[in-house]
Amino acid sequence: MADPRGFLKVTTRQDRPKRPVPVRILDFKEVQVAQNSAVLKTQASRCMDCGVPFCHQGCPLGNLIPEWNDLTWRGQTAQAVERLHATNNFPEFTGRVCPAPCETSCVLGINQPAVTIKQIEYSIAEQAFEGGFIEPIMPDRMLGKTVAVVGSGPAGLAAAQQLTQAGFTTAVFERDDRVGGLLRYGIPDFKLEKDIVDRRIAVMEAEGTRFRTGIEIGTDITWDDLKKRYDAVIVATGATQPRALDIPGADLKGVHFAMPYLTESNRVVAGDLAEPTINAAGKNVIVLGGGDTGSDCIGTAVRQGAASITTLAIGAQPSADRADHEPWPMFPKVFEVSSSHEEGGERSYLASTVEFVGENGTLTGLKVAETEIREDGRRGPKGGTERIIPADLVFLALGFTGQENSDISEQVGAELDARTNVARAEDYMTNVPGIFSCGDAGRGQSLVVWAIAEGRACAAAVERHLTGSTVLPEPVFPSDRAIDLAL
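Numbering-wise (this note's numbering), the sequence shown opens with residue 84 and increments by one.
Here you go:
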């Protein structure tokens with residue numbers, strides 16, 4: 084299948100020759116643009132066409148979608164901004180990088196295209212900053228309580244902002260040189276330019292949140308010392324341990340995890356590095372993994388000038404429509420085309436990786452075979468179908484298995500679950516009184532919208548722990564059934 088411009092080819096055939104990436108000049112500027120105002124208003128008005136709105140059920144934040152859609156249709160921007168921020172600290176992030184589970188829960192989606200909720204959210208967020216509607220929210224009084232937040236991704240930032248606005252003295256510790264976590268160094272600029280992150284951090288600093296960069300808790304400061312210095316500690320370190328592929332040749336030069344590649348590219352764009360050490364220019368690139376991280380690798384390799392890009396998936400190509408076993412309002416596994424897929428490369432399905440092939444310690448190709456379903460129900464390579472795809476670089480974008488280290492367990496005795504997440508009770512507190520965990524560090528790899536929701540809920544739990552009551556709002560989480568099906 085190809086789009087009219089010829090930039091995308093999707094194939095399940097294994098014998099089709101590889102097509103070079105089109106030679107084009109692409110920069111790292113954001114590719115998303117706001118909808119035309121007339122189209123936006125029309126889309127917002129469509130939200131009023133359903134009987135009982137169900138979009139809240141698909142959103143972990145419980146966003147008041149019909150309310151700010153109606154206000155957008157009426158042209159009441161200030162009120163729309165207020166309703167949007169009532170449940171979401173960072174709509175400018177979710178409007179760009181969230182996969183919009185709310186749209187798959189849109190009632191109109193039963194028999195027609197869903198309302199473009201994500202685009203409307205993006206538009207309101209941008210109007211909020213452009214119109215001067217975003218101002219620091221200062222606490223009415225200081226409570227005399229201190230909280231340390233470890234990690235400055237969306238979960239940590241949401242928890243910190245909630246607590247600061249409620250009157251807690253809050254400090255965010257980040258091991259990197261800049262604030263933002265994977266928002267900063269994991270997501271490419273063509274999806275989220277970093278001045279978008281910086282402008283929100285500036286608001287948080289004006290509110291009183293303190294940021295401490297270049298400090299790794301567990302090494303520069305022990306977890307025990309941090310616990311002694313603060314009344315409460317929130318672990319929001321993410322789940323950044325990459326999932327490896329245990330096949331022969333995995334140690335060859337040219338085989339890389341996706342995140343170091345994306346991080347280095349982001350540092351080049353930021354001006355911290357002159358050239359990347361992992362450079363796809365003129366090389367044959369293979370991406371293993373069909374999620375957002377794999378898509379980000381494609382877009383980055385296109386911009387670096389790769390000779391060819393192939394994405395391999397072990398499973399079959401998803402259907403373009405909902406499957407019968409994933410009816411509305413579930414989050415369906417459907418064939419998706421991101422902006423990066425439109426820019427170049429091939430996507431090949433039913434391809435099982437067998438071995439990384441190389442010479443003198445350097446990658447030269449990837450041996451693959453057709454995927455077959457075995458008697459035990461597991462997928463694996465079909466004998467006699469092996470072939471070698473030339474490759475200079477392979478990026479492993481196979482997801483994450485948990486948080487990176489056990490320092491917190493060794494230093495303060497915090498328990499880890501079977502997936503190395505920082506185990507917590509329903510109130511987000513670990514087995515160590517005063518230490519909480521939220522976001523990917525507590526629930527495992529998930530979506531940015533879940534991270535923000537968990538940060539908000541954890542902040543309310545910390546407030547209750549330290550003061551005996553809470554005024555901070557808590558999200559009413561939907562069932563995990565729809566969201567987790569997408570992971």
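All residues carry an ideal CB built from backbone N, CA and C; glycine is no exception. In this text, all values refer to a predicted model and were calculated from it rather than measured experimentally.
A residue is called buried when at least 16 other Cβ atoms come within 10 angstroms of its Cβ; L479 meets this threshold and is buried. In the DSSP assignment, A452 falls within the beta strand (DSSP E) that extends over T445 to I456.
Given a length threshold of 4 residues, each whole run of the alpha helix (DSSP H) inside the segment 196-257 is given here in chain order: 200-213 and 237-249. Around the C-beta of R457, fewer than 16 other C-beta atoms lie within 10 Å, and the residue is accordingly described as exposed. Of the residues V532, Y511 and P558, the one whose Cα lies closest to the Cα of H548 is Y511.
Beta-bridge pairing by DSSP links T393 to I369 and E429. Sixteen is the threshold: since fewer than 16 other Cβ atoms of the shown chains lie within 10 Å of the Cβ of M221, the residue is exposed.
Of the residues assessed, I535 falls on the buried side of the cut-off, its CB having 16 or more other CB atoms within 10 angstroms.
When secondary structure is reduced to three states using DSSP, E175 falls in the helix class. Put simply, the backbone Cα of G460 is about 42 Å away from that of C130.
Around the CB of D278, fewer than 16 other CB atoms lie within 10 Å, so the residue is classed as exposed. Take the alpha-carbon of T247 and the one of D259: they are about 22 Å apart. Per DSSP, A315 lies in no alpha helix (DSSP H); the unbroken beta strand (DSSP E) holding it starts and ends at A315 to V318. Going by DSSP, H339 is part of the beta strand (DSSP E) stretching over V338 to F340. The Cβ atoms of S402 and V368 do not sit closer than 8 Å to each other. T445 sits exposed, since fewer than 16 C-beta atoms from the chains shown fall within 10 Å of its C-beta. The C-alpha of D223 lies about 52 Å from the C-alpha of A363.
It is roughly 20 Å from the alpha-carbon of L335 to the alpha-carbon of A384. Remark: three or more beta-carbon pairs, one from each stretch, lie closer than 8 Å, so the segment 257-274 and the segment 225-235 are flagged as touching. Looking from the CA of W156, the closest CA among S128, I300 and A434 belongs to S128. It is roughly 42 Å from the alpha-carbon of T393 to the alpha-carbon of A497.
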